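Let me begin by presenting the structure, written as structure tokens, before commenting on it.
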């Protein structure tokens with residue numbers, strides 16, 4: 003079974019530029035998550051989708067970050083404009099459903115460096 | 327106070343040693359708990375869930391103390407391949423929902 007796919011794997015941009023990350027979850031998984039993992043810290047949930055609806059975006063910095071999952075399958079996370087502190091690994095995860103007992107499977111992540 | 331706290335380590339142990347990691351969490355209403363493993367520059371992967379009665383999976387034993395809001399992971403007979411970062415994870419979502427909160431992770435280095 004194919005895992006969670008993410009692209010690009012690495013991205014280097016200058017501050018104030020825009021960047022977008024793409025995620026394709028495991029086939030059949032209704033719930034999709036975006037996490038931010040800053041070096042030396044654990045992943046932090048940014049946004050959770052159930053199909054194409056947002057379940058939780060309470061920790062998403064909405065002045066610069068946006069995410070969509072228009073058809074309930076793949077998803078895009080955008081940062082516009084980027085700041086130095088956005089340098090991190092952006093992890094996408096998916097689970098069959100969003101409730102307890104549903105294991106989250108993570109993709110390999112996109113490593114973003116903002117100069 | 328952080329929602330999930332762990333000692334960041336690193337823990338340096340020889341092969342064959344027993345090592346224990348501890349974790350505390352702030353939300354007493356949390357219902358489910360996990361340990362994830364993250365290898366260097368890789369994604370986190372579920373190691374095991376943590377149940378109130380304690381649970382064991384081979385060389386790994388997880389314990390939960392709800393009264394103290396404390397979770398532990400014990401690794402017996404450490405192998406070189408156990409070298410990784412171990413993330414304590416607490417589900418702080420409302421009933422029926424999953425909102426995982428990760429600790430900073432504890433780094434383990436097993437040496438020959």
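Residue numbers (the numbering used here), protein chains in the order written: chain S, 3 to 117; chain H, 327 to 438. Every residue gets a Cβ at the ideal spot worked out from N, C-alpha and C, and that includes glycine. Bear in mind the structure is a predicted one, so any value in this text is a computation, not a measurement.
Beta carbon proximity, residue i to chain S, threshold 9 Å
{"i": "residue 334 of chain H", "result": "yes"}
{"i": "residue 430 of chain H", "result": "yes"}
{"i": "residue 369 of chain H", "result": "yes"}
{"i": "residue 390 of chain H", "result": "no"}
{"i": "residue 330 of chain H", "result": "yes"}
{"i": "residue 395 of chain H", "result": "no"}
Nearest residue (CA-CA) to residue i, options the options
{"i": "residue 368 of chain H", "options": "S:117, S:92 and S:103", "result": "S:92"}
{"i": "residue 94 of chain S", "options": "S:65, S:66, S:31 and S:84", "result": "S:31"}
{"i": "residue 59 of chain S", "options": "H:336, H:342 and H:425", "result": "H:425"}
{"i": "residue 349 of chain H", "options": "H:427, H:332 and H:435", "result": "H:332"}
{"i": "residue 387 of chain H", "options": "H:432, H:346, H:365 and H:335", "result": "H:346"}
{"i": "residue 28 of chain S", "options": "S:116, S:4, S:100 and S:87", "result": "S:4"}
{"i": "residue 393 of chain H", "options": "H:357, H:421 and H:406", "result": "H:357"}
{"i": "residue 374 of chain H", "options": "H:360, H:354 and H:435", "result": "H:360"}
Any C-beta of chain H under 9 Å from that of residue i
{"i": "residue 47 of chain S", "result": "yes"}
{"i": "residue 87 of chain S", "result": "no"}
{"i": "residue 102 of chain S", "result": "yes"}
{"i": "residue 108 of chain S", "result": "yes"}
{"i": "residue 111 of chain S", "result": "yes"}
{"i": "residue 93 of chain S", "result": "yes"}
{"i": "residue 33 of chain S", "result": "yes"}
{"i": "residue 97 of chain S", "result": "yes"}
{"i": "residue 44 of chain S", "result": "yes"}
Beta-ladder partner(s) of residue i, from DSSP
{"i": "residue 107 of chain S", "result": "S:96"}
{"i": "residue 370 of chain H", "result": "H:364"}
{"i": "residue 345 of chain H", "result": "H:401"}
{"i": "residue 14 of chain S", "result": "S:115"}
{"i": "residue 387 of chain H", "result": "H:382 and H:400"}
{"i": "residue 416 of chain H", "result": "H:359 and H:427"}
{"i": "residue 81 of chain S", "result": "S:21 and S:67"}
{"i": "residue 55 of chain S", "result": "S:52"}
{"i": "residue 432 of chain H", "result": "H:412"}
> Counting Cβ pairs closer than 8 Å, one from the stretch 15-23 of chain S and one from the stretch 406-416 of chain H, do we hit at least three?
Replying inline: No, because fewer than three Cβ pairs between the stretch 15-23 of chain S and the stretch 406-416 of chain H fall closer than 8 Å, the two stretches do not touch.
>> Could you check whether the stretch 42-60 of chain S touches the stretch 414-428 of chain H, counting it as contact only if at least three pairs of C-beta atoms, one from each stretch, sit closer than 8 Å?
In response: As far as the Cβ criterion goes, the stretch 42-60 of chain S touches the stretch 414-428 of chain H, which means the pair count is three or higher.
> When the Cβ atoms of the stretch 48-59 of chain S are set against those of the stretch 68-82 of chain S, are three or more pairs found closer than 8 Å?
Replying inline: With the cut-off at 8 Å, the stretch 48-59 of chain S and the stretch 68-82 of chain S touch.
>> To be precise: take each residue of the stretch 405-418 of chain H, compare its Cβ to all Cβ atoms of chain S, and keep it if any distance is under 7 Å. Which residues remain?
In response: Residues passing the 7 Å Cβ filter: 413 and 417.
> Quick one, which residues of the stretch 16-29 of chain S are near chain H if we go by CB-CB under 7 Å, in chain order?
Replying inline: Listed in sequence order: no entries.
> Which residues, in chain order, does the stretch 57-89 of chain S contribute to contact with chain H at a C-beta distance below 8 Å?
Replying inline: Answer in chain order: 57 and 58.
> In the stretch 336-359 of chain H, which residues sit with their C-beta less than 9 Å from some C-beta in chain S, listed in chain order?
Replying inline: Along the stretch 336-359 of chain H, going in chain order, the ones with a CB nearer than 9 Å to a CB of chain S are 357 and 358.
> Listed from N- to C-terminal order along the chain, which residues in the stretch 372-389 of chain H have their beta-carbon within a distance smaller than 8 Å of any beta-carbon of chain S?
Replying inline: Going along the stretch 372-389 of chain H in chain order, one finds 372 with a Cβ nearer than 8 Å to chain S.
> Pairing CB atoms from the stretch 32-39 of chain S with CB atoms from the stretch 92-112 of chain S, are three or more of them under 8 Å?
Replying inline: Taking 8 Å as the limit for Cβ pairs, the verdict is that the stretch 92-112 of chain S does touch the stretch 32-39 of chain S.
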